[in-house]
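Number 120 in UniProt numbering belongs to position 120 of the sequence shown; there are no gaps in the numbering.
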Amino acid sequence: MRSGEVARRSGVNVETLRFYEREGLLPEPPRRESGYRKYPPETVELIRFIKRAQELGFSLREVQELLSVRNAPRAKSGPVRRLLAAKVVEIERKIQDLQVLKQVLDELLGRCDGRRSASSCPLIRSLCRED
1 MRSGEVARRS GVNVETLRFY EREGLLPEPP RRESGYRKYP PETVELIRFI KRAQELGFSL
61 REVQELLSVR NAPRAKSGPV RRLLAAKVVE IERKIQDLQV LKQVLDELLG RCDGRRSASS
121 CPLIRSLCRE D
């Protein structure tokens with residue numbers, strides 16, 4: 001398959017395809033005599049794997065680790081479990097940070113009646129503070 005077809009079938013653009021190659025997530029495909037890349041059919045499945053992992057919050061470095069395990073014929077799932085557990089902890093930390101942020105915003109919202117001048121708005125005033 002040519003680059004455009006692989007990109008279309010996998011739901012990415014050609015630039016993303018090239019980026020994945022440069023980052024080592026996709027093996028560089030052989031070239032035809034014309035110089036065009038000739039991708040094997042499994043490239044589409046591989047790109048879908050990468051995209052699904054990214055949708056779950058995995059970084060490209062983490063995706064590379066997952067691919068290494070996936071591509072090792074006798075690999076155990078221990079490294080995947082450790083990576084997954086670390087991702088859950090990271091997500092829990094982000095949730096806590098977002099909850100704190102929401103509390104601050106809720107408090108500011110409660111103090112903003114929308115009728116005062118902008119200069120006396122609690123949010124504007126808090127953003128202008130030096131601390």
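Where is the CB? At the ideal position from N, CA and C, for every residue including glycine.
What does DSSP give as the partner residues of residue i in its beta bridges?
i, result
"residue 140", "The structure shown does not extend to residue 140, since the chain is modelled only from 1 through 131, so no value can be given for it."
If you measure from the beta carbon of residue i to each beta carbon in chain D, is any gap under 8 Å?
i, result
"residue 34", "Structure shown: chain D not included; a single protein chain is present."
For residue i, count the other beta carbons within 10 Å of its own beta carbon; 16 or more makes it buried, fewer makes it exposed. Which is it?
i, result
"residue 120", "exposed"
"residue 53", "buried"
"residue 89", "exposed"
"residue 91", "exposed"
"residue 47", "buried"
Would you grab the beta carbon distance between residue i and residue j for me? Rounded to a whole angstrom, and I think it's under 8 Å.
i, j, result
"residue 66", "residue 83", "7 Å"
"residue 43", "residue 26", "7 Å"
"residue 127", "residue 112", "Not confirmed; about 12 Å, so no contact."
"residue 63", "residue 50", "5 Å"
"residue 3", "residue 37", "6 Å"
Where does residue i sit, in a helix, a strand or coil, going by DSSP?
i, result
"residue 24", "coil"
"residue 13", "coil"
"residue 130", "coil"
"residue 2", "coil"
**OP:** Ignoring anything shorter than 4 residues or poking outside the region 54–128, list the alpha helix (DSSP H) runs there in chain order.
**Re:** 60–71, 78–111 and 122–128
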